[in-house]
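The listed protein sequences derive, respectively, from chains A and B. Residues in the first sequence are numbered consecutively from 87, following this note's numbering. Residues in the second sequence are numbered consecutively from 4, following this note's numbering. See structure below.
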Amino acid sequence: MGPHFLSAIVLVPWLACGASLSAMAAQAPVGTSPRVLESTIRQHCLVCHNDRTRTADLSLAAVTSTNVGEQALVLEKVLRKLRAGEMPPAGRPALATETVTELVGWLETELDGASAASPNPGTPAIQRLNRAEYTNAVHDLLGLNLDHARDLPADDSGYGFDNIGDVLTVSPLHIEKYISTARRISRLAVGTARPRAVVEKYERSPGVPDAAVEGLPLGERGGMLFEHYFPFDADYTITVRVRGRRQTGMPSPQLDLRVDGRRVRLFDASFDNAEVTQGTRNFELRLPFEAGAHVIGAGFLAEYAVAEIVSENADSRPGPGYLVDYVLVGGPFNTAGPGATESRRRLLECHSAADTDGTPCASRILTTVARRAYRRPVTAIDIEPLVSLFREGQTDGGSFEHGIEMALSGVLVSPSFLFRAPGALDEDGTRTGRVSRLTDIDLASRLSFFLWSSIPDEALLSLAERGRLSEPDVLTAQIHRMLSDPKSSALVDNFAGQWLHLRNVAEWAPDPERYPHFDESLRYAFQRETELFLEHVIRDDRSVLELVAADYTFANERLAAFYGLEGVRGGYFRRVSLDGTPRGGIVTHASVLMVTSYPTRTSPVLRGKWVLENLLGAPPPPPPPDVPALPAAAETSAGGLRDALEQHRASPTCSACHAKLDPLGFALENFDGVGAYRTDEDGMTIDASGALPDGTLVSGPRGLQRVLLARRVEFVETLADRLLTYALGRGLEYYDRPAVREIRRRVEAADYRFSALVEAIVDSVPFRLRGNSELPPER
Amino acid sequence: MITTGLALPRRTFLRGLGATVALPFLDAMTPAFATAATPVTRVAFIYTANGVIMQDWTPTAEGTGFLFPKTLAPVEPFRDRLLVMSGLAHRNGEALGDGPGDHARAGASWLTGVHPKKTQGADIRNGRSVDQMLADEIGQTTPLPSLELGLEDVRMVGGCDSGYSCAYSNTISWASPTTPLPYENNPRRVFERLFGDGETTDPAARAVHARQNRSLLDFVVDDAHRLQVRLGAGDRRKLGDYLDSVREVERRIQNAERQERVDLPPVDRPEGVPPTFEEHVRLMSDLVTIAFQADLTRVVSVMYSREGGNRTYRSIGVPDAHHGLSHHQNDPVRMAQLQKIDQHHVAMLAYFLGKLQDAPDEDGSLLDNAIVLYGSSLSDSNAHTHDNLPALIAGGGSGMLRGGRHLRYPEGTPMTNLFLTLLDRMGVQRGHVGDSTGQITHLGTL
């Protein structure tokens with residue numbers, strides 16, 4: 087919960103606990119670790135965390151050095167608090183640094199050992215496909231690249247992600263939408279849709295009109311490019327709406343219309359006087375298209391597209407220059423047939439004449455489709471009901487295709503498609519032992535939904551069917567193959583988009599009066615920078631430490647100008663060096679800086695919280711309600727805010743958290759609410775320095791970077807925690823902590839390569855094993 | 004690249020079909036105008052999140068003849084059809100030992116009166132919401148038992164309350180303690196759900212289509228049963244919820260097939276989500292009104308905003324984010340900004356009430372026969388207080404409600420007592436709703 091952090095004071099529960107501890111200032115005696123544990127607990131912890139007081143609902147009374155495994159639930163908490171330096175609390179005698187180090191090391195070893203001896207992988211819940219997974223799965227299954235999930239209800243999230251099995255509930259609305267969506271997709275894929283003329287509107291990506299558009303010739307401006315799915319071999323109309331004003335003395339502008347990269351018409355797009363007042367004009371062309379996806383592009387030849395249309399506001403009169411407003415695609419007209427689309431090619435592997443029994447061919451087709459859709463080998467039990475649907479559809483529609491359409495709808499609404507059920511019992515209901523290994527088939531799905539947010543491809547599935555996927559060499563090779571596949575950008579969209587809150591960039595609404603220089607092309611550039619950067623780290627297998635300390639980023643001309651980088655020309659994003667600039671790492675990306683601000687100002691508290699929570703894994707407790715007011719001056723000036731927060735920290739109740747939060751946030755104060763660099767705010771010089779509770783000075787973004795690199799153990803464990811949560815689709819529990827530590831150690835041992843992180847997750851206990859506690863008794 | 008589909012020709016989409024063909028959801032349903040001799044009561048629950056500035060909401064005087072405070076001014080024209088209710092509370096929205104998370108608890112408890120289980124995901128549990136209890140009874144003869152709508156896009160991340168899954172903030176309607184009902188925020192999808200997507204218009208084809216949908220549902224049920232026996236207890240329960248939803252849709256299809264086909268008022272098919280909040284609310288209000296008129300549903304819930312939501316309202320001069328502002332720390336400037344939002348939302352309500360008033364119904368207007376509960380589940384968002392909640396009821400409730408009054412109930416009176424009373428007056432017998440302790444008085448009398 088963000089915003090009320092501005093002035094948060096945190097009630098520290100342990101301060102409420104009795105205060106008779108002043109006599110206990112003695113340090114824990116140094117000795118062997120087991121004794122250190124027991125004496126530390128006795129001397130420092132039990133006064134609050136005993137069976138009677140149970141401060142923060144925690145008692146350590148039952149902990150001894152010989153039952154660490156049994157006490158893992160509480161000891162993992164102890165370990166975390168010790169490592170973060172949060173316990174004993176402020177105002178209590180502190181532990182000696184060497185005591186903490188010794189205890190932490192010993193506890194980790196003991197807890198990891200206990201876990202290795204008796205692993206608890208948790209019990210995965212069945213997971214409904216979320217919207218992203220549904221869209222990708224249909225795309226990979228049928229070769230139809232459309233937003234298939236556009237009608238499905240939005241997915242709820244938990245633990246920071248929207249792929250959490252327990253949270254992905256199913257309402258009647260979902261069922262309605264699954265059915266209508268499956269039927270729409272099936273008609274389109276098989277080609278049984280009835281031709282019905284509709285118009286689709288494509289609007290130009292927001293951005294400055296003088297930027298070249300990727301995919302259009304370099305010399306063209308004010309244009310747009312998009313992919314449209316044409317459902318039939320038929321005629322379609324392309325209507326290009328252009329906006330602009332003829333500059334005196336300039337020749338008529340030339341509008342270039344392209345299909346799949348080839349020019350289909352160069353319009354002499356002259357505006358006459360009457361149209362000048364309107365500033366817009368439509369150019370329409372009717373063309374035959376083959377069914378399937380085609381790329382449509384429209385742009386003005388550069389010499390005619392003067393870059394002076396600044397306002398995107400439709401009310402204002404356009405300046406000189408021309409741009410494409412939007413493009414309408416209408417049709418189909420004169421439909422010739424369903425055509426030879428990718429989906430028909432894939433689906434209709436055999437064909438059956440109308441007067442013959444189509445069942446054998448249908449069974450063949452449905453076996454192929456169901457195997458991919460259900461991510462497992464299928465048997466007659468799976469196929470027979472689909473063949474019944476096929477017969478019904480064939481009878482009703484009068485053609486083989488209508489039968490396939492109906493059966494395909496069945497596949498797409500089947501729980502076997504819509505739910506992932508790792509470790510479901512075998513058909514005979516057997517399962518032995520408390521813990522079992524995931525089958526290769528389940529592993530293939532888990533892997534592909536993890537790295538691709540989609541179903542396994544043929545290579546993965548056939549390896550799994552042959553029982554070879556879990557062979558270590560094979561598995562490693564597959565992981566590397568999957569990471570270098572473009573489909574791994576799902577990790578950027580779905581994992582990083584949520585982990586780093588990047589999904590909020592698209593809807594963020596900075597106050598235009600406060601930040602007049604922010605516009606849609608910057609918003610696009612912010613998003614693109616971080617996406618390209620993360621894709622680079624993933625595909626090129628970079629060190630994950632670059633996430634916090636890269637000396638490079640990706641920028642186009644607009645973003646480079648915004649960042650003050652020289653020598654970047656044009657709309658294309660490229661890798662650029664950040665040497666000699668205050669930036670480096672995602673914390674200094676404008677995307678992150680913006681979504682950790684308020685619409686009208688920065689918030690060191692929000693940014694500090696973001697860093698603690700998402701990079702260091704130490705989320706501060708939420709503030710209590712009804713916090714005392716900050717003085718009004720705090721709202722209006724940087725200095726005022728700093729003063730107010732310093733007062734805040736002077737109070738012991740506040741300081742527990744704010745002493746940790748604020749310096750991390752203040753280090754980023756040189757970036758405003760949309761991430762622009764600044765040295766002063768409203769005439770006051772910005773002071774981007776502060777001291778952490780342990781005395782570490784943090785000054786500016788470089789200082790923050792040093793802190794993050796110094797705390798790389800926490801950073802890597804946090805990244806591992808987040809990525810493991812995402813990979814498993816469940817929240818992590820105390821019994822997962824040994825796995826997180828093991829992942830971190832493997833990443834450290836492999837130069838922090840991203841692939842090592844993924845490999846370690848895939849090899850981890852919770853990823854590869856499953857608990858059977860919830861399963862019905864064995865028969 | 005923004006892609007927006009629109010039908011061709013858009014403006015005459017339905018009219019072009021002779022205005023006689025209705026194309027409801029799944030291409031199978033046909034709406035029918037209410038033909039009952041007795042007026043049908045329609046119920047809407049409209050939620051405004053993040054509390055309100057109570058001093059500008061609560062009338063000073065009680066009973067009749069009170070002055071409308073600033074925030075309520077936009078609905079003053081409906082004075083005779085309004086009951087402002089003070090003193091109601093949701094104790095189950097309070098922490099009760101669960102610590103922070105008041106926003107999530109507020110949204111989740113508004114219509115349930117139940118203390119939601121604190122969890123990020125595992126084991127989500129709330130209560131059944133009162134709109135769904137009503138839908139069980141008065142929603143069984145309409146194509147859709149209820150309709151859940153909202154204005155915010157819920158894709159924002161990192162915005163849900165401390166330790167609570169976003170499921171608790173993303174809806175106020177719960178079909179069961181474990182099944183939150185997601186809302187539609189795209190008017191076009193709402194339209195298509197009510198009137199169909201126009202894929203099939205021929206009655207015979209539509210009948211075939213409906214039968215095929217039933218075949219698909221049968222197939223799903225069989226498939227799910229085969230999967231179910233292979234799952235653990237938790238997963239079986241979850242698949243059970245899935246099957247419940249499948250059966251509910253089966254019932255809706257059967258129900259729809261029994262409906263008579265009748266004329267529909269001319270409706271334009273919306274293009275998508277309008278660019279401004281105001282247009283968006285108005286369009287949703289239009290759709291609700293027409294859904295009521297055509298008797299497509301009798302129960303609606305609408306979320307103008309969701310708890311913790313951070314919409315900015317630049318159109319009324321509020322560039323700051325709503326939730327952030329709601330922690331105003333008694334700063335007069337921020338309180339004034341927040342009050343503007345409160346009043347703006349009430350102005351949106353006034354638009355909806357006006358639509359209902361203009362829609363003729365048995366014995367008067369839709370408003371005469373409607374019950375519209377409007378309010379928030381926090382009063383002072385800054386302090387996260389769950390008592391003395393802002394609540395008003397608009398509409399005549401088919402003669403059940405007597406407006407023009409400000410009623411003050413004893414402090415701490417459960418909001419659920421109001422729900423229990425409304426259910427009872429509508430002939431829905433429930434022993435209790437959430438934490439209700441009994442019925443409240445004075446709804447229809449002095």
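Note that CB positions come from ideal geometry on N, CA and C, so glycine has one too.
Once DSSP output is grouped into helix, strand and coil, what is the label at Y186 of chain B?
In the structure shown, the three-state DSSP call for Y186 of chain B is coil.
Can you give me the C-alpha to C-alpha distance between L664 of chain A and E593 of chain A, rounded to a whole angstrom?
Rounded to whole angstroms, L664 of chain A and E593 of chain A show a C-alpha spacing of 28 Å.
Which residues, in chain order, does the region 812–834 of chain A contribute to contact with chain B at a C-beta distance below 8 Å?
The residues in question are R816 and G817.
Any C-beta of chain B sitting closer than 8 Å to the C-beta of E162 of chain A?
For E162 of chain A, no Cβ of chain B is located within less than 8 Å of the residue's own Cβ.
Would you decide whether D252 of chain A is buried or exposed? Buried here means 16 or more other CB atoms lie within 10 Å of its CB.
Flag for D252 of chain A reads buried.
What did DSSP end up calling A158 of chain A once you bin it into helix, strand or coil?
In the structure shown, A158 of chain A sits in a helix (DSSP, three-state: H, G or I).
Closest Cβ-Cβ distance between S243 of chain A and chain E: below 8 Å?
The question asks about chain E, but that chain is absent: this structure's protein chains are A and B.
Euclidean distance between Cα positions of V826 of chain A and A676 of chain A
Roughly 30 Å between the two C-alpha positions.
Cutting at 6 Å between CB atoms, please list the residues of its own chain near G124 of chain B, excluding the five before and the five after it.
If we look at G124 of chain B and ignore the five residues flanking it on each side, its Cβ neighbours are S168.
Look at the alpha carbon of L227 of chain A and the alpha carbon of P424 of chain A, and state the distance between them as a whole number of angstroms.
Those two C-alpha atoms are separated by around 19 Å.
Ignore the nearest five residues each way along the sequence and tell me which others in T427 of chain A's own chain have a CB closer than 6 Å to its CB.
For T427 of chain A, where only same-chain residues beyond five positions count, the Cβ hits under 6 Å are A377 and G378.
Give me the DSSP bridge partner(s) of W585 of chain A.
None; W585 of chain A has no bridge partner.
Does the beta-carbon distance from R457 of chain A to G277 of chain A come in below 8 Å?
Not a contact, by the Cβ cut-off of 8 Å.
Taking 8 Å as the threshold (beta carbon to beta carbon), is L475 of chain A in contact with chain B?
Closer than 8 Å: yes.
Can you confirm whether D134 of chain B, when its beta carbon is compared against all beta carbons of chain A, has any partner nearer than 8 Å?
Answer no: the Cβ-Cβ gap between D134 of chain B and chain A never drops below 8 Å.
Once you ignore the five residues that flank L242 of chain B on each side, which residues in its own chain have a CB closer than 6 Å to its CB?
For L242 of chain B, where only same-chain residues beyond five positions count, the Cβ hits under 6 Å are A227 and Q231.
A240 of chain A versus chain B: which residues are under 9 Å apart at the beta carbon?
Neighbours of A240 of chain A on chain B, chain order: D156, V157, R158, N173, P185, Y186 and N188.
Taking a contact to mean a Cβ-Cβ separation below 8 Å, would you say V252 of chain B touches I141 of chain B in this structure?
No; because the gap between Cβ atoms is not below 8 Å, this pair is not in contact.
For W538 of chain A, the first and last residue of its enclosing alpha helix (DSSP H):
Counting along the chain, the alpha helix (DSSP H) containing W538 of chain A begins and ends at D526 to W538.
Would you check if the distance between the CB atom of A353 of chain B and the CB atom of V78 of chain B is smaller than 8 Å?
Yes.
Neighbourhood of R290 of chain A by C-beta, 6 Å cutoff - its chain only, sequence neighbours within 5 removed
Once the five neighbours on either side are set aside, the close Cβ partners of R290 of chain A are M310 and V410.
What is the rounded straight-line gap between the Cα of V697 of chain A and the Cα of R348 of chain A?
Distance between the alpha carbons of V697 of chain A and R348 of chain A is about 48 Å.
Is the CB of A507 of chain A under 8 Å away from at least one CB in chain B?
Any Cβ of chain B closer than 8 Å to the Cβ of A507 of chain A would place that residue at the interface, and such an atom is present.
Can you grab the Cα-Cα spacing for the pair R131 of chain B / A52 of chain B, in whole Å?
If I take the Cα positions, the gap works out to 20 Å.
Mind pulling the chain B residues with CB within less than 8 Å of I265 of chain A?
What I265 of chain A touches in chain B: L29, N216, L219, L220 and V252.
Nonlocal neighbours in the same chain, by C-beta distance under 6 Å from S201 of chain A, ignoring five residues either side
Within the same chain, S201 of chain A has close Cβ partners P824.
Does the beta carbon of P501 of chain A sit closer than 8 Å to a beta carbon anywhere in chain B?
With 8 Å as the cut-off, P501 of chain A counts as an interface residue toward chain B.
CB-CB under 8 Å to G786 of chain A, same chain, minus the five flanking residues each way: which ones, in chain order?
So the list reads P668, A753, N756, A774 and S775, once near-sequence residues are dropped.
Between the CA atoms of R832 of chain A and Y838 of chain A - distance to the nearest angstrom:
Each residue's alpha carbon lies about 8 Å from the other.
In the region 181–268 of chain A, which residue ranges form an unbroken alpha helix (DSSP H) of at least 4 residues, counting only runs that do not cross its ends?
List check, alpha helix (DSSP H) in window: 183–203 and 217–228.
Considering only the alpha carbon of each residue, which of A:G483, A:R687, A:I565 and A:S629 lies closest to R214 of chain B?
Out of A:G483, A:R687, A:I565 and A:S629, the CA that lies nearest to the CA of R214 of chain B is found in A:G483.
Inter-residue spacing [alpha-carbon to alpha-carbon] between D241 of chain A and S539 of chain A:
Roughly 14 Å between the two C-alpha positions.
Just curious, the beta strand (DSSP E) that T366 of chain A is in, first and last residue?
T366 to F375 is the span of the beta strand (DSSP E), which, as asked, contains T366 of chain A.
Output yes if chain B places a C-beta closer than 8 Å to the C-beta of P418 of chain A; else output no.
No - not a single Cβ of chain B is within 8 Å of the one on P418 of chain A.
Beta-carbon gap between N420 of chain A and A320 of chain A smaller than 8 Å
In contact: N420 of chain A and A320 of chain A (Cβ atoms closer than 8 Å).
Going by beta carbon distance, what residues of the same chain come within less than 7 Å of T440 of chain B, once the five residues before and after it are set aside?
The beta carbon of T440 of chain B lies closer than 7 Å to those of P417 and N420 in the same chain, with the five residues before and after it left out.
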